[in-house]
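Below is one structure, written out as structure tokens, with a few remarks after it.
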Amino acid sequence: MLRIGLTGNIGSGKTLVSRIFNTLGIGVFNADIETKNLYFENTIKDDLCKMFGHNILNNNNIVDLKKLGNIVFNDKSKLAELTSYIHPKVVSKYDAWTKTQIGKPFCIHESAIIFEYSLENKFDKIICVSAPYDLRLQRVLKRDKSKRPEVEIKMKNQLDEKIKVVKSDYVIINDGKEFIIPQVVEIHKHLINLV
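Position 10, counted from 1, in the sequence shown is what my numbering calls 911; the numbers after and before it change by one each time, with no gaps.
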């Protein structure tokens, strides 16, 4: 079974592409969702409070991702601290998940930060979803109902999309002009032929 990385910057359309692959019978591991699920585990919540203070919790004693984000996205050292703590746990979950995908020609790991954290060697091939900066910004503002400065800080913390495109084996253009499904189907066929 091939392991495929699916990357692209925030707002590029990774999740849309993942859904299409899933419709084609391919399992998708969404690193963002799995990371958010980890924040509900008590031991992780306790460790995060030790690292960043109890003010990251909301009134229900749950990690407030906006509060945590405000801390880490405004301080690269704190972002690195969070990532070095949480990342190995996500990788472990991914490795366990791939064992449940046996019998499929390939599986997909969706993550915006494959290249940022030198994960490309974990995958046989990498797909990048590409979209213009302004379009990505508008998508995220609408989707997350966030303020523009917050989104721009997140975008600035990601590797330049041009670098991701060059480092990837396949590129899906999601600029609102190109049709997505035919691009995904073509890559799906190509990957099936590699197995």
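Every residue, glycine too, gets a C-beta built ideally from N, C-alpha and C.
- Task: Could you tell me the boundaries of the beta strand (DSSP E) in which LEU907 lies?
- Result: 903–908
- Message: Using CA atoms only, rank isn't needed, just tell me which of LEU907, CYS950 and ASN960 is closest to LEU969.
- Response: CYS950
- Taking just the CA atoms, how far does GLU1062 sit from ASP1035? 13 Å
- CA-to-CA distance, HIS955 to ASN931, given in whole angstroms: 27 Å
- My understanding is that ILE1073 touches GLN1059, with C-beta atoms under 8 Å, so please give their C-beta distance in whole angstroms. So it is not a contact: roughly 17 Å between Cβ atoms.
- Task: Please determine, among ILE1082, VAL1096, LEU1095 and ASN1094, the residue with the shortest C-alpha to C-alpha distance to LEU925.
- Result: ILE1082
- Message: If contacts are defined as beta-carbon pairs under 8 Å, then LYS915 and GLU1011 qualify, I think. What distance do you get, rounded to the angstrom?
- Response: 5 Å
- Task: Name the residue from SER1069, LYS1055 and TYR1071 whose alpha carbon lies nearest to the alpha carbon of ASP1128.
- Result: Outside the displayed range of the chain (902 to 1096) lies residue 1128, so it cannot be described from this structure.
- Among all the DSSP beta bridges, which residues are the ones paired with VAL964? BP columns for VAL964 point to LEU958.
- Message: Taking only three categories from DSSP, how would you classify SER1069?
- Response: coil
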